[in-house]
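**Q** Line by line, the protein sequences give chains A and B.
Each residue of the first sequence is one higher than the last, beginning at 124 in the working numbering.
Each residue of the second sequence is one higher than the last, beginning at 519 in the working numbering.
For glycine and all other residues, C-beta sits at the position ideal for the given N, C-alpha and C.
Input: one structure, supplied below.
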Amino acid sequence: MNDGHAAVTELLGAWALDACSVEETATVEDHLAGCPSCSAEADRLGRVAAGLATMVAAPPPARLRDAVMAAAVGHRPAAGEEVGTGYATWVERFDTLLGSLTAAQWRERVIHDLTVQDLVAHLIATDKLLVAQLGAGGAELPEDPAELDGTLPARRSAASIGEHRGRSPERTRAVWRAQADRLLRDARSNAPGALDRRVRLADPRLPRQPLRIALVQRLFETWIHTDDVRTLLGSPPDPPSDRQVALIVTFGVRLLPAALRLAGAERPPGSARLVLVGPGGGDWTISPAGQDVPARPPDATITMDAIEFCYLLGNRRDPDAVPHRVEGDPAVAATLLRAVTTLGCD
Amino acid sequence: MEKLGSSHPRWDKEVCERLVAGDEAALGELYDELSPLVYGLAVRVTRDWAAAQDITQEVFVRVWRDPQAFDPARGSWRRWLATMTHRRAVDWVRRSAVRHRRTADAAPPIATPDPEETAVAGSVAKSVQAAVDDLPAPQREAIRLAYFDGQTYRQVAETLGIPEGTAKSRLWTGLRGLAARLEAEGIEP
Chain A
124 MNDGHAAVTE
134 LLGAWALDAC
144 SVEETATVED
154 HLAGCPSCSA
164 EADRLGRVAA
174 GLATMVAAPP
184 PARLRDAVMA
194 AAVGHRPAAG
204 EEVGTGYATW
214 VERFDTLLGS
224 LTAAQWRERV
234 IHDLTVQDLV
244 AHLIATDKLL
254 VAQLGAGGAE
264 LPEDPAELDG
274 TLPARRSAAS
284 IGEHRGRSPE
294 RTRAVWRAQA
304 DRLLRDARSN
314 APGALDRRVR
324 LADPRLPRQP
334 LRIALVQRLF
344 ETWIHTDDVR
354 TLLGSPPDPP
364 SDRQVALIVT
374 FGVRLLPAAL
384 RLAGAERPPG
394 SARLVLVGPG
404 GGDWTISPAG
414 QDVPARPPDA
424 TITMDAIEFC
434 YLLGNRRDPD
444 AVPHRVEGDP
454 AVAATLLRAV
464 TTLGCD
Chain B
519 MEKLGSSHPR
529 WDKEVCERLV
539 AGDEAALGEL
549 YDELSPLVYG
559 LAVRVTRDWA
569 AAQDITQEVF
579 VRVWRDPQAF
589 DPARGSWRRW
599 LATMTHRRAV
609 DWVRRSAVRH
619 RRTADAAPPI
629 ATPDPEETAV
639 AGSVAKSVQA
649 AVDDLPAPQR
659 EAIRLAYFDG
669 QTYRQVAETL
679 GIPEGTAKSR
689 LWTGLRGLAA
699 RLEAEGIEP
């Protein structure tokens, strides 16, 4: 117990009623984290305060129900909709695009000094990680400290690229496609609840995620590589559907607190409100603690297009140059935007 | 057929599991059961129909997006949603107070519905209402200003013309009194 104990105790009633200032709320909550007796009292008072709400219950307008349900499913599709459908769509589109390439185009450099064939070999390496986990008979892979090495994805990619350089592009394409089909088959044929099974993502240092989230990452990466090749060919962009943008955005927002922690900001980077406009967008408050209840005003508000956020997530945009608007602390915003770019797959 | 209601821990847990599994019908059920609580509270605190609808949508979308943030071991959906709603509503009141200074009598009066008429309320609301009615008037008034009008304890002190320390202690004593009475009655608010 620290010196602030008495001061916090007398604030607990006001705190339970959300009647403290922003600073006092923070003081109380910091204290509660380390004081079991205040924490028990706060829980008791909080329960009673919430009970007061029953006195003023009033039915909302009937049309609000449809709006709420539509908005919810826009943010996270219901399980009844095939979660693999989006991924399957982009596998098909990427495959068709690859099938149209000439031998010379396969050898052209597309991004980061990689040829198109290298890019597909890289995709094979990242897809493979998920395939291996699904093949483990439904069991979660045991924790292996060697797996938590952040350089692992790059080394796996490099090995796959080296291996495929000795092969024909058609062979590389066939290996990728066969593995992607197997991934889809395994993901779809699993028992009910399997999509909630936790798996490792491409970057093993990120917290394990439900399979449905890992499949969104596969969708995202397959789309971004399709986009890379289309850009190389000078074809117009073929953006993800609104629903797919919403899925990708949700994936990014969900992992941002972990990315911020991995980025190892020297001081807590502060909280930020992220406003993504356009189809698939939304409004989030991201704090390093990973909570989204807006207890205090965010240190910075960042506004940008949802689709531009997807490109940033793929590290296809420069965080300084991507069109966006910042209100509040520019350093907090910059830290967050840099963290977004680390969640891609390369 | 007997239907589990919002006051059953088993219902809380089941709904949570179904939400995690992506069962849209579970969200519909949660909404049907508890949207009057969320919306009613948001309207009462913000006194703004549009803001209350926005808050209601935000709260349910948040639940759908991340149902695992709710831990059935730590309380009911009713408590979780009321807590989230109140924070957001109070936040809205304080932001709009900065934009244009509101005064209590400028806001449209909102009738408090009879708890017996509302779906969610039931016996819990009745017990809470009775416990609140039996509080000493100074404590009841302080809690009303803080919880239902979204005032800080400093504003409560100013409204009632009492020292800040007195406002703090009225809120605290009042809540403790309610807690003791409801616990004695075996009511889980």
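1) On the three-state DSSP scale, how would you describe D550 (chain B)?
2) Strictly below 8 Å CB to CB, what residues from chain B border C143 (chain A)?
3) Under 7 Å between C-beta atoms, does L653 (chain B) make it to chain A?
4) Whole-angstrom Cβ separation of E431 (chain A) and V449 (chain A), contact assumed at under 8 Å?
5) Could you please give me the residues that DSSP links to R396 (chain A) through a beta bridge?
6) Whole angstroms is fine: what's the gap from A454 (chain A)'s alpha carbon to L399 (chain A)'s?
7) At the 7 Å Cβ level, is D452 (chain A) part of the contact set with chain B, yes or no?
8) Does the separation of the CB atoms of L242 (chain A) and T349 (chain A) fall below 7 Å?
9) Please report whether the beta-carbon of L548 (chain B) lies at a distance below 7 Å from any beta-carbon of chain A.
10) Would you please state the rounded distance, in angstroms, between the beta carbons of L175 (chain A) and G136 (chain A)? I believe it to be under 8 Å.
11) Going by C-alpha distance, which of A:L466, A:S358, A:L460 is nearest F374 (chain A)?
12) Tell me, please, which residues DSSP counts as bridged to E450 (chain A).
13) Going by DSSP, which residues form a beta bridge with L237 (chain A)?
14) According to DSSP, V322 (chain A) sits in a beta bridge with which residue or residues?
15) When DSSP labels each residue in this structure, what does E542 (chain B) get in the three-state scheme?
16) Since F374 (chain A) is in the alpha helix (DSSP H), which residue starts that stretch and which ends it?
17) Assuming S144 (chain A) and T691 (chain B) form a contact by the criterion Cβ under 8 Å, report the distance between their Cβ atoms to the nearest whole angstrom.
18) If the cut-off is 7 Å on Cβ atoms, which residues from the segment 347–358 of chain A count as contacting chain B, listed in chain order?
19) Are the CB atoms of L689 (chain B) and L435 (chain A) within a distance shorter than 7 Å?
20) Taking the straight line between their C-alpha atoms, what separation do you get for W582 (chain B) and R596 (chain B)?
21) Go ahead and label A369 (chain A) buried or exposed: buried means 16 or more other beta carbons lie within 10 angstroms of its beta carbon, across all protein chains shown.
22) Can you pull the chain A residues whose beta carbon is under 8 Å from the beta carbon of L555 (chain B), in chain order?
23) If the cut-off is 8 Å on Cβ atoms, which residues from the segment 284–310 of chain A count as contacting chain B, listed in chain order?
24) Is there at least one Cβ from chain A nearer than 7 Å to T564 (chain B)'s Cβ?
25) Indicate whether at least one CB of chain A lies closer than 7 Å to the CB of V533 (chain B).
26) Using C-beta distances below 6 Å, list every residue in its chain close to D530 (chain B), excluding the 5 sequence neighbours before and after it, in chain order.
27) Within a Cβ cutoff of 6 Å, which residues of the same chain sit near L545 (chain B), ignoring the five residues on either side of it in sequence?
28) Just verifying my parser: in three-state terms, what is the DSSP assignment at I284 (chain A)?
29) For chain A, is any of its Cβ atoms less than 7 Å away from the one on A698 (chain B)?
30) If we count the other Cβ atoms within 10 Å of its Cβ and call it buried at 16 or more, is G289 (chain A) buried or exposed?
31) Would you tell me roughly how many angstroms separate the C-alpha atoms of A129 (chain A) and R170 (chain A), rounded to the nearest one?
32) Closer than 8 Å, Cβ to any Cβ of chain A: which residues of the segment 601–612 of chain B, in chain order?
33) Nearest chain B C-beta to L383 (chain A) closer than 7 Å, yes or no?
34) What is the DSSP secondary structure of H154 (chain A), reduced to helix, strand or coil?
35) How would you write the range of the alpha helix (DSSP H) that H198 (chain A) sits in, first residue to last?
36) Assuming L329 (chain A) and L383 (chain A) form a contact by the criterion Cβ under 8 Å, report the distance between their Cβ atoms to the nearest whole angstrom.
**A** Based on what the coordinates show:
1) Residue 550 (chain B) sits at position 32 when you count from the first residue of the second sequence. Correct three-state label for D550 (chain B): helix.
2) In the first sequence, residue 143 (chain A) corresponds to position 20, counting from 1. The answer, in chain order, is T670, Y671.
3) Your numbering for residue 653 (chain B) matches position 135 in the second sequence. So no, L653 (chain B) is outside the interface.
4) Walking along the first sequence from the start, residue 431 (chain A) turns up at place 308. Walking along the first sequence from the start, residue 449 (chain A) turns up at place 326. With a Cβ gap of about 14 Å, E431 (chain A) and V449 (chain A) do not count as contacting.
5) Counting from 1 along the first sequence, the entry for residue 396 (chain A) is found at position 273. R396 (chain A) pairs with A:T408, A:T424.
6) Numbered from 1 along the first sequence, position 331 holds the residue referred to as residue 454 (chain A). Numbered from 1 along the first sequence, position 276 holds the residue referred to as residue 399 (chain A). So the two alpha carbons sit approximately 19 Å from each other.
7) For the purposes of this step, residue 452 (chain A) is identified with residue 329 of the first sequence, where counting begins at 1. For D452 (chain A), the answer is no, since every Cβ of chain B falls outside 7 Å of its Cβ.
8) On the first sequence, position 119 is the one that residue 242 (chain A) refers to. On the first sequence, position 226 is the one that residue 349 (chain A) refers to. No, the pair does not count as a contact, with Cβ atoms beyond the cut-off.
9) As a first step, residue 548 (chain B) must be located in the second sequence, where it is residue number 30. Output row for L548 (chain B): interface = no.
10) Position 52 of the first sequence, counted from the first residue, corresponds to residue 175 (chain A). Position 13 of the first sequence, counted from the first residue, corresponds to residue 136 (chain A). Actually they are not in contact, since the Cβ atoms of L175 (chain A) and G136 (chain A) sit about 13 Å apart, beyond 8 Å.
11) Indexing the first sequence from 1 puts residue 374 (chain A) at position 251. Checked all of A:L466, A:S358, A:L460; the closest Cα to F374 (chain A) is A:L466.
12) Taking the first residue of the first sequence as position 1, residue 450 (chain A) is located at position 327. Looking at the DSSP assignment, E450 (chain A) forms a beta bridge with A:T424.
13) As a first step, residue 237 (chain A) must be located in the first sequence, where it is residue number 114. Paired residue(s): A:I234.
14) As a first step, residue 322 (chain A) is located in the first sequence; it is residue number 199 there, counting from the start. The partner list for V322 (chain A) (beta bridge, DSSP) reads A:Q332.
15) One-based indexing of the second sequence puts residue 542 (chain B) at position 24. Reduced to three states, the DSSP call for E542 (chain B) is helix.
16) Counting from one through the first sequence, the residue named residue 374 (chain A) turns up at place 251. From DSSP, the alpha helix (DSSP H) with F374 (chain A) extends over 365–385.
17) Taking the first residue of the first sequence as position 1, residue 144 (chain A) is located at position 21. Taking the first residue of the second sequence as position 1, residue 691 (chain B) is located at position 173. No, S144 (chain A) and T691 (chain B) are not in contact; Cβ-Cβ is about 21 Å, not under 8 Å.
18) none
19) Along the first sequence, one-based indexing puts residue 435 (chain A) at 312. Along the second sequence, one-based indexing puts residue 689 (chain B) at 171. No.
20) Position 64 of the second sequence, counted from the first residue, corresponds to residue 582 (chain B). Position 78 of the second sequence, counted from the first residue, corresponds to residue 596 (chain B). W582 (chain B) and R596 (chain B): Cα-Cα distance of roughly 15 Å.
21) Within the first sequence, residue 369 (chain A) is the residue found at index 246, counting from 1. That one is buried.
22) As a working mapping, residue 555 (chain B) is identified with position 37 in the second sequence. Within chain A, the residues near L555 (chain B) are A176, T177, A180.
23) none
24) The residue given as residue 564 (chain B) occupies position 46 in the second sequence. Judged by the 7 Å Cβ criterion, T564 (chain B) is not in contact with chain A.
25) One-based indexing of the second sequence puts residue 533 (chain B) at position 15. Chain A, which has no Cβ nearer than 7 Å to the Cβ of V533 (chain B), makes this no.
26) Locating residue 530 (chain B) in the second sequence gives position 12, where the first residue counts as 1. Hits under 6 Å: P590, S594, W595.
27) Reading the second sequence from its first residue, position 27 is the one you call residue 545 (chain B). Hits under 6 Å: W582.
28) One-based indexing of the first sequence puts residue 284 (chain A) at position 161. Here I284 (chain A) sits in helix by DSSP.
29) Against the second sequence, residue 698 (chain B) aligns to sequence position 180. Taking Cβ atoms only, chain A never reaches closer than 7 Å to A698 (chain B), which makes this a no.
30) The residue given as residue 289 (chain A) occupies position 166 in the first sequence. G289 (chain A) should be labelled exposed.
31) Locating residue 129 (chain A) in the first sequence gives position 6, counting from the first residue. Locating residue 170 (chain A) in the first sequence gives position 47, counting from the first residue. Distance between the alpha carbons of A129 (chain A) and R170 (chain A) is about 22 Å.
32) T601, M602, T603, H604, R605, R606, V608, D609
33) Translated into positions along the first sequence, residue 383 (chain A) becomes position 260. So no, L383 (chain A) is outside the interface.
34) Mapped onto the first sequence, residue 154 (chain A) falls at position 31. If DSSP states are grouped into helix, strand and coil, H154 (chain A) belongs with the helices.
35) The residue you call residue 198 (chain A) lines up with position 75 of the first sequence. 187–198 is the span of the alpha helix (DSSP H), which, as asked, contains H198 (chain A).
36) As a working mapping, residue 329 (chain A) is identified with position 206 in the first sequence. As a working mapping, residue 383 (chain A) is identified with position 260 in the first sequence. Contact doesn't hold; Cβ gap of about 12 Å is too wide.
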